[in-house]
Amino acid sequence: MSVSDKAMPEGEREARAAATPAEGLRIEAAERILARRLSPDWNDENQRELDAWLENPANRIAYLRLDAAWERAGRLEAFRPLKRPVSAPAPQSRHPLILKFAAAAAAIAAVIGSSLYFAQPAMRTYATAVGERQTITLTDGSTIALNTNSVLKLSAKASARKAVLERGEALFQIHHDAQHPFVVVASGHRITDLGTKFIVREETDALKVTLLEGRARIETAGDAAKHRATDLTPGETVIASADALVKSKRAIATLANEASWQRGVLVFENATLADAARELNRYNVQKLVIEDPAVAKLKFDATIPTNGIQTFARVAQQVFGLKIERHEGEWIVSR
Amino acid sequence: MIARADIDAWFVREVLPLEAALTQYFRHNWRDAAGVADFLQDVYLRAYEAAANGIPNSTRAFVFTIAHNLLVDRVRRAKVIPLEAVENLESLSVPADAPGPEAHAVARDELRRLEAALQQLPPRARQAFALHHIEGLTVREIAQRMSIGERGVTWHLNEGLRALATALYGESERSKP
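Chains as they are written, first to last, in our numbering: chain D, 1 to 335; chain G, 1001 to 1177.
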């Protein structure tokens, strides 16, 4: 066993010590899966011993989870190079060391290059549930952060550089490539990055695009006669409807609040309770309801977690002295 | 009582795909992210045992209710209570019962996902894994190819399997918030 021991550097050996009970259980479950699946001399007694161990539900769960992953990994077989027979003998130890590395490198290269074996679908879909967030990292290091309750389609081919926001909101941080500009389509409008960080958000009857850094161009969805286009500079927000673009400009520091959902909070400055409630409702299955116009108009400053319906209710009660009633997932705010 | 084979199948088919969302939920609501493996294990165990009395209609709502209750218990038991946990606890919301991207997995998608997960493995573990699952080599053959002992191969496969499961279920294509 001295060979294998040498193959395990000291650092790795220490890393094997489990950090938590569940991680220790995972190591043991993995050992049992490998023994069960790879031992050439697995026998009935081994199986009985394993079955006894699996009677314990905690063990069973850890085992099922890893065994399902192993089962899925079996599909990697699809990447097996076609030319070489499966049972071809491995290069023997007579070969110089460099050849062994070459063989291993070829195996890895087969994995990396394997996407070439398959026709790619044109677009890939990403979706978030209410209250969920997801960050997608592109091959060039660009990132797209998908906010609550959103659907984004991304061209599967990295070189295509195109995304379609079908619902919700996303923050794009795009590495500029003059040869291959990144294009976002939303509500039929088209946004072309000229090296940028920007937020695209679908509202009920319009699309809102806010530019935080760099430059971007937006073109309306309307037909040729109504076609409009404008270039955005940092701090500018454009509201695009079917045939019009309305532009406004604010301080960058204020705009940063619009991306605060990335940190899991919402920042309200001089906001009405109605606006804050509407915003919070996007992130929560339970909903705030404000029917009284006098209550809706009250203004406040606050930083509230995106899941902070309760925090909002407390502010309403303690700061404004309002009443909160709960009915089947609705929090009704009144005087 | 439900047959154990049915519970096993339900657990693999419907509960495990929620791991990414559960991981994100835990990180969002609990300051000490190191305990995520223990948290997942606790949630799975409770879900698995509760399912013996009947497979739930909505697995997502069922599992997230368990996750919520578990966090509430943890806060009550914790000697030092993370302030953020207290702040958010009452308002933990159960994510809606909408299908996530994982529900749309098709065969080709699955291969791409596996490939991406494989890329996240430590180099030696990835090599051992590729030699077994792609090249179809036995442990002995892998040992020869990698110039290590058979125990060394098993060691790398063990690490690779655990990392692959986490990449497939827990964090695939999702960055830490």
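Note that the Cβ used here is the ideal one computed from N, Cα and C, for glycine as well.
Problem set entry | Candidates K153/D, A186/D, T210/D and A216/D: closest to H175/D by CA position | Walking along the first sequence from the start, residue 175/D turns up at place 175. Of K153/D, A186/D, T210/D and A216/D, the residue nearest in Cα terms is A216/D.
For this session: Counting only the same chain and skipping the five closest in sequence on each side, list residues whose C-beta sits under 6 Å from that of R326/D.
Result: The residue given as residue 326/D occupies position 326 in the first sequence. Here the set comprises nothing.
Exercise. Between the stretch 1022-1029 of chain G and the stretch 42-53 of chain D, are three or more C-beta pairs nearer than 8 Å?
Worked result: no
Exercise. In chain G, what lies closer than 8 Å to A69/D by C-beta?
Worked result: Translated into positions along the first sequence, residue 69/D becomes position 69. Here the neighbours are L1161, L1164, A1165, L1168 and Y1169.
Exercise. How would you write the range of the alpha helix (DSSP H) that L1045/G sits in, first residue to last?
Worked result: Residue mapping note: residue 1045/G aligns to position 45 of the second sequence, counting from 1. Where L1045/G is concerned, the enclosing alpha helix (DSSP H) stretches over V1036 to A1050.
Exercise. Is the CB of A371/D under 8 Å away from at least one CB in chain G?
Worked result: Here chain D has residues from 1 to 335 only, and residue 371/D is not among them.
Exercise. With a CB to CB cut of under 6 Å and the five nearest residues on each side skipped, what residues in its chain are close to V164/D?
Worked result: Here residue 164/D is taken as the residue at index 164 of the first sequence, counted from 1. Result list for V164/D: K153 and V185, in chain order.
Problem set entry | Residues bridged to Q173/D [DSSP beta-bridge criterion] | Numbered from 1 along the first sequence, position 173 holds the residue referred to as residue 173/D. Partner(s): T143/D and K197/D.
For this session: Leaving aside the five residues before and after V1015/G along the sequence, list all residues of the same chain whose C-beta is less than 7 Å from its C-beta, in chain order.
Result: Locating residue 1015/G in the second sequence gives position 15, where the first residue counts as 1. Answer for V1015/G: Y1044, A1047, T1059 and V1063, listed in chain order.
Problem set entry | E1049/G at chain D interface by Cβ criterion, 8 Å | Walking along the second sequence from the start, residue 1049/G turns up at place 49. Yes - at least one Cβ of chain D is within 8 Å of the one on E1049/G.
For this session: For the stretch 289-306 of chain D and the stretch 314-328 of chain D, state whether three or more C-beta atom pairs, one from each stretch, are separated by less than 8 Å.
Result: yes
Exercise. When you compare each of A240/D, R26/D and W331/D to V1036/G by their alpha carbons, which one comes out closest?
Worked result: Stepping through the second sequence from its first residue, residue 1036/G is reached at position 36. Residue R26/D is the option with its Cα nearest to V1036/G.
Problem set entry | Under 8 Å between C-beta atoms of T272/D and A296/D | Here residue 272/D is taken as the residue at index 272 of the first sequence, counted from 1. Here residue 296/D is taken as the residue at index 296 of the first sequence, counted from 1. Yes, Cβ-Cβ distance for T272/D and A296/D is below 8 Å.
Exercise. Leaving out the 5 sequence neighbours to the left and right, which residues in its chain are closer than 7 Å to H189/D when beta-carbon positions are compared?
Worked result: Along the first sequence, read from residue 1 onward, the residue named residue 189/D stands at position 189. Excluding residues within five positions, the ones whose Cβ falls inside 7 Å are L207, I218, E219, T220, A221 and A240.
For this session: Can you grab the Cα-Cα spacing for the pair A73/D / I1134/G, in whole Å?
Result: Stepping through the first sequence from its first residue, residue 73/D is reached at position 73. Stepping through the second sequence from its first residue, residue 1134/G is reached at position 134. Between A73/D and I1134/G, the C-alpha separation is close to 9 Å.
Exercise. Should A1009/G be labelled buried (16 or more other beta-carbon atoms within 10 Å of its own) or exposed?
Worked result: Counted from its first residue, the second sequence places residue 1009/G at position 9. So A1009/G counts as exposed.
Problem set entry | Local conformation of A206/D per DSSP, three classes | Your numbering for residue 206/D matches position 206 in the first sequence. Note: A206/D maps to coil in three-state DSSP.
Problem set entry | Start-to-end residues for the alpha helix (DSSP H) that takes in E23/D | Position 23 of the first sequence, counted from the start, is the residue given in the question as residue 23/D. Element bounds for E23/D: P21 to L38.
Problem set entry | Option in R1027/G, I1055/G, D1032/G and D1038/G with minimal Cα separation from V1012/G | The sequence position of residue 1012/G within the second sequence is 12, counting from 1. Answer by Cα proximity: I1055/G.
Exercise. Since L1157/G meets chain D, which of its residues come closer than 7 Å, beta carbon to beta carbon?
Worked result: The count along the second sequence starts at 1 and reaches residue 1157/G at position 157. The contacting residues are L34.
For this session: With I324/D as the anchor, note down where its beta strand (DSSP E) starts and where it stops.
Result: Here residue 324/D refers to the residue found at position 324 of the first sequence. Its beta strand (DSSP E) spans residues K323 to H327.
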